[in-house]
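Undergrad:
Protein chains in written order, with the numbering used here: chain A, 5 to 342; chain B, 5 to 342.
So this is what it looks like as structure tokens:
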């Protein structure tokens with residue numbers, strides 16, 4: 005079927021979106037992006053190798069408004085796509101945005117989405133080089149993110165883990181899942197220290213891609229890397245499968261954000277559900293030769309990011325998760341956790 | 005909110021989609037694409053300049069099933085994105101696909117979408133280099149298409165038209181809009197010769213991007229180019245605005261697909277509505293120095309594509325559309341034509 009005729013004001017809206025991106029500080033040019041949106045396609049030139057990832061946030065699946073505001077919808081869409089580039093050790097350069105806009109959405113809310121995209125673009129020096137608006141019954145924002153490295157070999161795949169490697173994770177886990185519980189259960193939020201509750205909420209509403217940490221880990225010799233979007237159990241499984249190896253992890257070593265265990269207790273859930281299966285923390289899971297761990301830890305410390313060793317790579321397949329009492333948890337059950 | 009845990013079988017579905025793309029003939033490697041989907045991002049190297057466009061088809065806006073089948077949904081999504089590259093005179097190389105999948109959609113229907121994407125990829129030598137699946141309340145398919153040219157200057161912008169240029173259009177207009185009428189009104193279809201009705205239907209259901217024609221026009225000296233997705237009136241307006249010039253077009257010169265005028269008559273609509281404002285024909289509107297028209301026409305004839313001169317570029321702004329009796333049609337009214 006034909007797309008309905010463009011509504012009066014659609015082109016004005018596109019122009020206003022460009023203004024809002026600019027106001028949010030989004031860069032308009034980079035070493036690679038030389039013609040931004042406004043033509044049939046954006047034009048770029050390349051500087052070595054290129055990593056390209058696609059991701060989307062969809063109303064009712066990845067967010068609802070509220071608790072998200074529209075700026076946070078834009079932030080989350082771009083952050084999630086950039087997180088994939090972080091996991092490649094790529095330097096993010098451009099993003100292309102497809103926005104699906106319900107008929108009832110106010111133009112100002114579209115502009116708030118653009119402001120959120122622009123804010124994250126500004127934070128990471130990413131050019132929003134192209135975009136398209138379409139009508140849609142639900143709000144969605146699909147982002148294609150492009151990053152660069154000097155050579156294809158400088159990009160870190162999921163497939164490079166070798167037996168003997170240390171397995172490490174950036175930052176802290178469980179915050180995004182606990183933040184969702186806090187957002188949905190005021191009675192649980194009320195039991196927490198307000199600052200802790202707010203940090204958990206922001207972990208869900210305003211995720212941060214670990215781009216600088218990903219670059220630093222690539223520079224420190226990361227052998228395999230993946231971002232934690234599905235939960236560390238599932239994502240460790242993806243890395244293990246791609247590397248044809250096994251990851252042995254220790255549950256008690258996983259770094260946990262403040263308040264996550266309290267939220268789990270108040271919600272009557274096992275803390276491991278939030279920590280290891282909650283997803284959307286957008287931390288990086290990395291494997292390193294043991295003699296590279298110290299250099300990697302130091303490089304991340306200079307960025308203010310913690311790196312925690314949580315296990316090792318062995319020959320075999322799948323993921324083993326061992327709890328503090330030494331009992332092995334069935335990895336297949338772990339994969340199914342939730 | 006957290007994305008629901010991946011459903012059992014999602015990874016198997018992704019693997020099956022890759023198999024289906026392969027079965028449809030979609031190439032897996034190109035001179036630029038060196039690592040396809042399966043990691044956090046695809047890896048490419050570049051060969052000169054790059055054009056990137058984004059487009060999406062959304063259930064209830066760009067298609068319904070039926071009359072579309074799922075293979076045609078995939079075909080249309082990729083064709084629409086590639087059409088933007090055609091309008092740049094780029095050689096299409098890669099595409100990245102974000103598929104939004106309703107819970108009720110059968111896995112086999114997902115694979116039919118992949119088969120449609122793969123078929124168009126095969127026809128044009130495009131690598132489906134990356135993709136992502138997400139749950140969504142409605143079916144959508146957003147495509148980021150990447151093309152190449154030797155230099156940025158070899159890519160044809162909308163902005164290069166100069167007073168004195170000839171304005172020309174590839175192929176024939178009105179078929180996609182008339183095809184939609186035929187699909188929705190069996191009583192009108194019944195009045196047409198069956199072959200004519202079928203060609204109109206296919207024009208709507210299986211649009212063809214003019215990639216080879218776009219390359220040939222770029223090679224023949226195209227000064228400005230745009231694809232006709234919104235209707236020639238609206239798209240001529242975009243080209244005029246980008247070029248800071250005016251396009252004077254003659255309605256009677258527009259090339260019309262067989263059956264379009266009959267459909268308009270049977271539907272009680274002015275034929276100009278289908279021809280000039282229907283959209284989705286995905287033909288190319290191009291401006292050329294007058295001394296390049298013959299070479300461009302010859303180059304397209306070798307591809308079996310007609311090129312028709314329909315007007316000229318003048319100083320000024322906007323689009324003038326003149327009918328056979330010499331009466332000027334108000335361009336602003338023309339822009340609003342539904």
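In this text, a Cβ means the ideal position worked out from N, Cα and C, and glycines have one as well.
Keep in mind it's a predicted model, so treat the numbers as computed, not measured.
1) Which of the residues in the stretch 127 to 158 of chain A, read from start to end, lie with their CB under 9 angstroms from any CB of chain B?
2) What does a CB cutoff of less than 6 angstroms around residue 189 of chain A pick up in its chain, not counting 5 residues either side in sequence?
3) Tell me which residues share the same chain as residue 240 of chain A and place their Cβ nearer than 7 angstroms to its Cβ, disregarding the 5 neighbours each side in the sequence.
4) Taking only heavy atoms of the ligand FAD into account, decide whether any of them is closer than 7 angstroms to the Cβ of residue 188 of chain B.
5) Can you tell me which of the three DSSP states residue 334 of chain A falls into?
6) Does the Cβ of residue 22 of chain B have 16 or more other Cβ atoms within 10 Å, making it buried, or fewer, making it exposed?
7) Leaving out the 5 sequence neighbours to the left and right, which residues in its chain are closer than 7 angstroms to residue 11 of chain B when beta-carbon positions are compared?
8) Which residues of chain B have a Cβ atom closer than 9 angstroms to the Cβ of residue 258 of chain A, listed in chain order?
9) Report the residue from B:325, B:75, B:208 and B:310 whose alpha carbon sits nearest the alpha carbon of residue 316 of chain B.
10) If you measure from the beta carbon of residue 323 of chain B to each beta carbon in chain A, is any gap under 8 angstroms?
11) Note down, in chain order, each residue of its chain lying with its Cβ closer than 6 angstroms to the Cβ of residue 214 of chain A, except the 5 sequence neighbours on either side.
12) Please confirm if the stretch 274 to 284 of chain B is in contact with the stretch 219 to 230 of chain B, defined as three or more CB-CB distances below 8 angstroms between the two stretches.
13) Return the chain-ordered list of same chain residues with a C-beta closer than 6 angstroms to the C-beta of residue 328 of chain A, the five sequence neighbours on each side being excluded.
14) Buried or exposed: where does residue 283 of chain A fall if 16 or more other Cβ atoms within 10 Å of its Cβ makes it buried?
15) Can you check which of these residues, B:63, B:121 and B:130, is closest to residue 95 of chain B by C-alpha distance?
16) Locate the beta strand (DSSP E) running through residue 150 of chain B, then write down its first and last residues.
17) Could you work out which residues of chain A lie near residue 276 of chain B, taking near to mean beta carbons separated by less than 8 angstroms?
18) Which first and last residues belong to the alpha helix (DSSP H) in which residue 3 of chain A is found?
19) Could you work out which residues of chain A lie near residue 161 of chain B, taking near to mean beta carbons separated by less than 7 angstroms?
20) With DSSP collapsed to three states, give me the class of residue 65 of chain B.
21) Would you identify the three-state DSSP class for residue 327 of chain B, choosing helix, strand or coil?
22) Return helix, strand or coil for residue 3 of chain B, following the three-state DSSP convention.
23) Whose CA, out of A:260, A:227, A:224 and A:225, lies closest to the CA of residue 235 of chain A?
24) Go ahead and label residue 199 of chain A buried or exposed: buried means 16 or more other beta carbons lie within 10 angstroms of its beta carbon, across all protein chains shown.
25) 8 angstroms is my cut-off, CB to CB: does residue 286 of chain B come that close to chain A?
26) Taking the Cβ atom as the reference point for each residue, do residue 47 of chain A and residue 53 of chain B lie within a distance shorter than 8 angstroms?
27) For residue 232 of chain B, name the three-state secondary structure that DSSP assigns.
28) Just how far apart, CA to CA, sit residue 342 of chain B and residue 150 of chain B?
29) Just by C-beta distance, which residues in the stretch 65 to 93 of chain B are closer than 7 angstroms to chain A?
30) Please work out which residues of its chain come closer than 6 angstroms, Cβ to Cβ, to residue 56 of chain A, disregarding the five sequence neighbours upstream and downstream, and give them in chain order.
31) By a C-beta neighbour count over all protein chains shown, 10 Å radius and 16 as the cutoff for buried, is residue 238 of chain A buried or exposed?
32) Might you give, ordered along the chain, the residues of its own chain that have their beta carbon closer than 7 angstroms to the beta carbon of residue 5 of chain A, omitting 5 neighbours on each side?
33) For chain A, find out if any of its Cβ atoms is closer than 8 angstroms to the Cβ of residue 53 of chain B; answer yes or no.
34) Less than 8 angstroms between the beta carbons of residue 59 of chain B and residue 84 of chain B, yes or no?
35) Does the Cβ of residue 44 of chain B have 16 or more other Cβ atoms within 10 Å, making it buried, or fewer, making it exposed?
36) List the DSSP bridge partners of residue 316 of chain A.
TA: Straight from the coordinates:
1) Contact residues of the stretch 127 to 158 of chain A toward chain B are 133, 134, 135, 136, 138, 139, 140, 141, 142, 144, 146, 147, 148, 149, 150, 151, 153, 155 and 156 (C-beta to C-beta distance below 9 angstroms).
2) By one-based count along the first chain, residue 189 of chain A stands at place 185. Result list for residue 189 of chain A: empty, nothing under 6 angstroms.
3) As a first step, residue 240 of chain A is located in the first chain; it is residue number 236 there, counting from the start. The answer, listed in chain order, is 251, 253, 289 and 323.
4) In the structure shown, the ligand FAD is absent, as is every other ligand, since no ligand is present at all.
5) Within the first chain, residue 334 of chain A is the residue found at index 330, counting from 1. In this prediction, residue 334 of chain A has a pLDDT of 45, which is less than 50 and means its spatial position is unreliable; what the coordinates show is noted afterwards. In the displayed model, residue 334 of chain A falls within coil according to three-state DSSP, outside both helix and strand.
6) By 1-based counting over the second chain, the position of residue 22 of chain B is 18. That one is buried.
7) Here the question's residue 11 of chain B lines up with position 7 in the second chain. Confidence at residue 11 of chain B is low in this model, with a pLDDT of 49, below 50, so the placement of that residue should be treated as unreliable; the coordinate-derived value is given next. Cβ neighbours of residue 11 of chain B beyond the five flanking positions: none.
8) Sequence index remark: in the first chain, residue 258 of chain A carries index 254 (1-based). Neighbours of residue 258 of chain A on chain B: none; closest Cβ ~18 angstroms, over 9 angstroms.
9) Within the second chain, residue 316 of chain B is the residue found at index 312, counting from 1. Looking at the Cα atoms, B:325 is the closest of the given residues.
10) Looking up residue 323 of chain B in the second chain gives position 319. Answer no: the Cβ-Cβ gap between residue 323 of chain B and chain A never drops below 8 angstroms.
11) Here residue 214 of chain A refers to the residue found at position 210 of the first chain. Short of 6 angstroms from the beta carbon of residue 214 of chain A, and not among the five residues preceding or following it, lie these beta carbons of its own chain, in chain order: 90, 174 and 288.
12) Contact fails between the stretch 274 to 284 of chain B and the stretch 219 to 230 of chain B, because fewer than three Cβ pairs, one in each stretch, are under 8 angstroms apart.
13) Residue mapping note: residue 328 of chain A aligns to position 324 of the first chain, counting from 1. In chain order, 256 place their CB closer than 6 angstroms to the CB of residue 328 of chain A, counting only its own chain and leaving out the 5 sequence neighbours on each side.
14) Numbered from 1 along the first chain, position 279 holds the residue referred to as residue 283 of chain A. Classification for residue 283 of chain A: buried.
15) Walking along the second chain from the start, residue 95 of chain B turns up at place 91. With distances taken between Cα atoms, residue 95 of chain B lies closest to B:130.
16) The residue given as residue 150 of chain B occupies position 146 in the second chain. Its beta strand (DSSP E) spans residues 144 to 153.
17) By 1-based counting over the second chain, the position of residue 276 of chain B is 272. Annotation: residue 276 of chain B has no Cβ neighbours in chain A at a cutoff of 8 angstroms; minimum Cβ distance is about 14 angstroms.
18) Since the first residue shown for chain A is 5 and the last is 342, residue 3 of chain A is missing from the structure and cannot be characterised.
19) Along the second chain, read from residue 1 onward, the residue named residue 161 of chain B stands at position 157. Residues of chain A passing the Cβ test: 43.
20) Translated into positions along the second chain, residue 65 of chain B becomes position 61. Residue 65 of chain B: coil per DSSP, three-state reduction.
21) Residue numbering aside, residue 327 of chain B sits at position 323 when the second chain is read from its first letter. Coil at residue 327 of chain B, not helix or strand.
22) Because chain B in this structure spans residues 5 to 342, residue 3 of chain B falls outside the shown range and cannot be described.
23) As a working mapping, residue 235 of chain A is identified with position 231 in the first chain. Distances from the alpha-carbon of residue 235 of chain A to those of A:260, A:227, A:224 and A:225 put A:260 closest.
24) If you number the first chain from 1, residue 199 of chain A lands on position 195. With fewer than 16 Cβ atoms within 10 Å of its Cβ, residue 199 of chain A is classed as exposed.
25) Locating residue 286 of chain B in the second chain gives position 282, where the first residue counts as 1. Judged by the 8 angstroms Cβ criterion, residue 286 of chain B is not in contact with chain A.
26) Numbered from its first residue, the first chain carries residue 47 of chain A at position 43. Numbered from its first residue, the second chain carries residue 53 of chain B at position 49. Yes, Cβ-Cβ distance for residue 47 of chain A and residue 53 of chain B is below 8 angstroms.
27) Counted from its first residue, the second chain places residue 232 of chain B at position 228. Residue 232 of chain B carries a coil assignment under DSSP once its states are collapsed to helix, strand and coil.
28) Translated into the one-based positions of the second chain, residue 342 of chain B becomes position 338. Translated into the one-based positions of the second chain, residue 150 of chain B becomes position 146. Confidence at residue 342 of chain B is low in this model, with a pLDDT of 29, below 50, so its placement is unreliable and the value that follows should be read with caution. Straight-line spacing of the CA atoms in residue 342 of chain B and residue 150 of chain B works out to 32 angstroms.
29) Those residues of the stretch 65 to 93 of chain B placed with their C-beta closer than 7 angstroms to a C-beta in chain A are 65, 66, 67, 68, 88, 89, 91 and 92, ordered along the chain.
30) On the first chain, position 52 is the one that residue 56 of chain A refers to. 150.
31) Position 234 of the first chain holds residue 238 of chain A. The residue in question, residue 238 of chain A, is buried, as its Cβ has 16 or more Cβ neighbours within 10 Å.
32) Here residue 5 of chain A is taken as the residue at index 1 of the first chain, counted from 1. Any reading at residue 5 of chain A must be qualified, since the residue scores a pLDDT of 45, below 50, and its modelled position is unreliable; the value itself is stated next. Exclusion of the five residues before and after residue 5 of chain A leaves no residue of its chain whose Cβ lies closer than 7 angstroms to its Cβ.
33) Along the second chain, one-based indexing puts residue 53 of chain B at 49. At least one chain A Cβ lies under 8 angstroms of residue 53 of chain B.
34) As a working mapping, residue 59 of chain B is identified with position 55 in the second chain. As a working mapping, residue 84 of chain B is identified with position 80 in the second chain. Yes, the pair counts as a contact, with Cβ atoms nearer than the cut-off.
35) The residue you call residue 44 of chain B lines up with position 40 of the second chain. Counting other Cβ atoms within 10 Å of its Cβ, residue 44 of chain B reaches 16 or more and is therefore classed as buried.
36) For this step, residue 316 of chain A is matched to residue 312 along the first chain. According to DSSP, residue 316 of chain A bridges with A:170 and A:252.
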